[in-house]
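Report on one structure; see the data block that follows.
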Amino acid sequence: MQSVDVAIVGGGMVGLAVACGLQGSGLRVAVIESQLPQPLVPEAAPELRVSAINAASEKLLTHLGAWSKISERASSYHGMEVWERDSFGQIAFDDKSFGFSHLGHIIENSVIHQALWQRAEQCSDISLMAPVDISQVAWGENEAFLTFKDGTMLTARLVVGADGANSWLRDKADIPLTFWDYNHHALVATIRTAEPHQAVARQVFHGEGILAFLPLSDPHLCSIVWSLPPEEAARMQQADDEAFNQALSVAFNMRLGLCSVESERRTFPLTGRYARSFAAHRLALVGDAAHTIHPLAGQGVNLGFMDAAELIAEIRRLHREGKDFGQHLYLRRYERSRKHSAAVMLASMQGFRDLFAGSNPAKKLFRDIGLKLADTLPGVKPQLVRQAMGLQDLPSWLR
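Residue numbering for the sequence shown follows the UniProt record's numbering, beginning at 1 and increasing consecutively.
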């Protein structure tokens with residue numbers, strides 16, 4: 001029977017970040033993943049699933065030694081624009097006005113994943129166990145027991161649940177989940193625009209939809225996330241290219257001229273989730289296993305990376321002090337901090353989405369005035385920029 005100090009179940013971006021962050025702490029770490037990562041094709045077209053990585057996550061990835069590899073395929077963006085269609089309400093900001101070199105980066109998820117996987121492979125105190133499936137887990141007094149489908153076993157002082165939105169571990173630990181359907185599906189695709197995007201991330205609210213254009217390294221290519229009611233998302237996915245391009249260009253107010261789709265179109269349902277506990281005896285949840293939010297502000301993975309950063313610091317501190325970091329009593333500090341951050345983000349996204357839903361004229365006027373005031377009142381924009389960059393949520397060791 002193999003024995004480790006920390007077993008991370010789920011070798012996605014957030015799980016691998018926790019593993020890489022514990023490197024050199026004197027702890028033995030295992031990452032348990034059911035699939036081997038697909039190798040990247042250097043000249044391939046951009047992947048459909050991308051993340052808007054903010055400054056806080058960039059700091060973490062740099063600290064973990066993965067950023068140099070990631071930055072080769074990252075597209076930095078220098079401005080942001082948000083507006084409502086057919087109205088005077090809009091807000092815009094750029095990095096230079098606030099003394100920053102960039103606001104964030106748009107990066108394919110597979111690029112981040114591959115860089116972290118390769119980094120973990122280089123660490124002698126991390127074992128990457130893949131492809132491996134777990135069949136059972138038991139929570140003992142001093143350790144957790146994981147049984148794999150081939151009959152072998154692993155014990156760990158702490159299990160980290162990084163196994164995604166439908167977390168098997170969260171379920172096995174009987175942690176209740178609050179969840180709600182946003183009644184929207186996200187349609188993702190790669191789009192070519194007639195005019196260059198000028199490294200500006202743009203988002204428009206239109207009727208029942210929210211459309212984000214995320215700039216890629218090619219000046220005429222953007223990744224889109226179009227949040228729509230399910231029937232409308234299905235219709236847009238099945239529409240022929242000409243009808244889709246026309247509907248997209250109109251929804252986007254022709255801001256970048258005519259748009260043409262360059263990839264397949266994929267849709268997935270949007271669900272908000274919030275685990276009632278982010279930790280239990282011998283278990284800590286991170287990333288989507290703990291919370292999922294609307295992609296409205298592109299903050300999902302950034303929230304997960306800050307879970308990783310907080311948990312890394314907490315495990316290292318407890319280990320240095322000779323404490324049993326698998327006890328729920330000691331994991332409560334991590335839990336309190338991250339539950340608060342996730343709750344604030346979930347509530348603000350929900351409030352924002354409710355505010356921009358529907359076309360009631362009074363509500364629309366209220367929205368437009370709100371956007372206009374945010375754009376013009378002194379002191380508001382710097383706060384919004386810091387929030388978008390994740391600088392409000394940065395653990396002290398990364399500052």
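The beta carbon of each residue, even a glycine, is placed where N, CA and C say it ideally should be. Please read these numbers as outputs of a predicted model, since none were measured by experiment.
Asked: Beta-carbon proximity list for N253, same chain, < 7 Å, skipping 5 on both sides; Found: R85 and V204
Asked: Range of the contiguous alpha helix (DSSP H) that encloses N302; Found: G300 to R320
Asked: Classification of M13 by the beta-carbon crowding that lies within 10 angstroms, buried from 16 upward; Found: buried
Asked: Distance between V261 and N245 (C-alpha atoms, nearest Å); Found: 6 Å
Asked: The stretch 156–165 / the stretch 63–81 touching (three or more Cβ pairs under 8 Å); Found: no
Asked: Terminal residues of the beta strand (DSSP E) in which R273 lies; Found: R266 to A275
Asked: Inside the stretch 30–89 only - beta strand (DSSP E) runs reaching at least 3 residues; Found: 50–54, 75–77 and 79–84
Asked: I106 (DSSP reduced to helix, strand or coil); Found: strand
Asked: S57 and F213 closer than 9 Å at C-beta; Found: no
Asked: Where the beta strand (DSSP E) containing L154 begins and where it ends; Found: M153 to G161
Asked: Selected residue, minimal CA-CA separation from S110, among L103, G104 and Q118; Found: Q118
Asked: 8 Å CB neighbourhood of M389 in its chain, flanking five on each side removed; Found: N54, A55, A56, F100, L103 and G104
Asked: Euclidean distance between Cα positions of L40 and P378; Found: 45 Å
Asked: Residue span of the beta strand (DSSP E) that contains S249, given as start and end; Found: Run containing S249: none in the beta strand (DSSP E); it sits in the alpha helix (DSSP H), D241 to A251.
Asked: Residue of V380, L398 and I107 minimising C-alpha distance to F98; Found: V380
Asked: Coil, strand or helix - S337 by DSSP; Found: helix
Asked: Where G21 sits in the DSSP three-state scheme; Found: helix
Asked: Cutoff 6 Å; reference L169; Cβ partners in own chain excluding five residues on either side; Found: V9, G161 and D163
Asked: Candidates N183, V6, P229 and W226: closest to A144 by CA position; Found: V6
Asked: Three-way DSSP call (helix, strand, coil) for P295 in this model; Found: helix
Asked: Nearest to A130 (by Cα), restricted to the options R386, S51, M153 and G11; Found: G11
Asked: Contact set for L346: own chain, Cβ-Cβ below 7 Å, skip 5 residues either direction; Found: G272, Y274, H291 and I293
Asked: For A7, three-class secondary structure by DSSP; Found: strand
Asked: Closest residue to A120 among G26, C20 and R192 (Cα-Cα distance); Found: C20
Asked: Cut-off 7 Å between Cβ atoms - residues of its own chain near L216, not counting five sequence neighbours on either side; Found: P46, S75, I106, C222 and S223
Asked: Complete alpha helix (DSSP H) runs within the stretch 201–241 (minimum length 4 residues, chain order); Found: 230–238
Asked: Distance between E310 and S68 (C-alpha atoms, nearest Å); Found: 22 Å
Asked: R386: first and last residue of the uninterrupted alpha helix (DSSP H) it sits in; Found: V380 to A388
Asked: Alpha carbon of H113 to alpha carbon of A17, nearest angstrom; Found: 9 Å
Asked: is_contact[S249, chain B] using C-beta, thresh 9 Å; Found: In the structure shown, chain B cannot be found, because there is only a single protein chain.
Asked: Inter-residue CB distance, residue 402 and L248 (contact presumed, cutoff 8 Å); Found: This structure does not reach residue 402, given that the chain is present from 1 up to 399, and the question cannot be answered.
Asked: Closest Cα partner of A201 within the set H340, Y77 and Y330; Found: Y77
Asked: Per DSSP, the bridge partner or partners of C259; Found: T193
Asked: L27 and D125 closer than 9 Å at C-beta; Found: yes
Asked: Bridge-paired residues (DSSP) for V137; Found: L146
Asked: Distance between beta carbons of L270 and A186, contact taken as under 8 Å; Found: 6 Å
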